[in-house]
Amino acid sequence: MRSSRAFFDLLARGDYEVVAFEFTPETKLFGKEFIGRLDCLLKDGKGRKAVIDLKYAGKKYKDILEEGQAIQLCVSAAAAAKPGAAPLAA
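The opening position of the sequence shown corresponds to residue 30 in the numbering used here, with each subsequent residue numbered one higher.
Next up, the structure:
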């Protein structure tokens with residue numbers, strides 16, 4: 030219940046709408062086809078995209094995020110960006 034409330038609060042605070050869940054971008058990263066799915070792709074009122082990587086882990090993942098080591102999230106954001114575009118909020 031708390032995670033659902035937090036998700037919808039995030040949508041409201043950031044003026045986000047859900048574009049897709051389990052989204053598979055058709056793109057290349059570093060010259061290779063991207064194979065994978067993004068947990069959740071959002072778009073704000075200005076058309077900017079954001080990626081949410083849903084996790085069931087607790088403090089360990091929070092530490093990884095704070096240390097800038099969330100590689101899967103970084104790759105997901107890069108895959109969701111338009112080719113040649115600036116990275117997304119993740």
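C-beta atoms are modelled at their ideal positions from N, C-alpha and C, and glycine is treated no differently.
When burial is assigned at 16 or more other CB atoms within 10 Å of the CB, is residue i buried or exposed?
i: A106; result: buried
i: L70; result: buried
i: A108; result: buried
i: A99; result: buried
Which residues does DSSP list as the beta-bridge partners of residue i?
i: Y90; result: None, per the DSSP bridge assignment.
Please list, in chain order, all residues of the same chain as residue i whose beta carbon is under 8 Å from its beta carbon, the five residues on each side excluded.
i: Q101; result: D82
Residue i and residue j look like a contact to me (Cβ under 8 Å); what is the Cβ gap, rounded to whole Å?
i: D44; j: G76; result: Rounded, the Cβ-Cβ distance is 11 Å, inconsistent with contact.
i: L67; j: V80; result: 6 Å
Please list, in chain order, all residues of the same chain as residue i whose beta carbon is under 7 Å from its beta carbon, the five residues on each side excluded.
i: F59; result: none
i: T53; result: R66
Note down, in chain order, each residue of its chain lying with its Cβ closer than 6 Å to the Cβ of residue i, except the 5 sequence neighbours on either side.
i: F51; result: Note that residue 51 corresponds to Glu in the displayed sequence, not to Phe. Closer than 6 Å at the Cβ level, and outside the excluded window around E51, lie R66.
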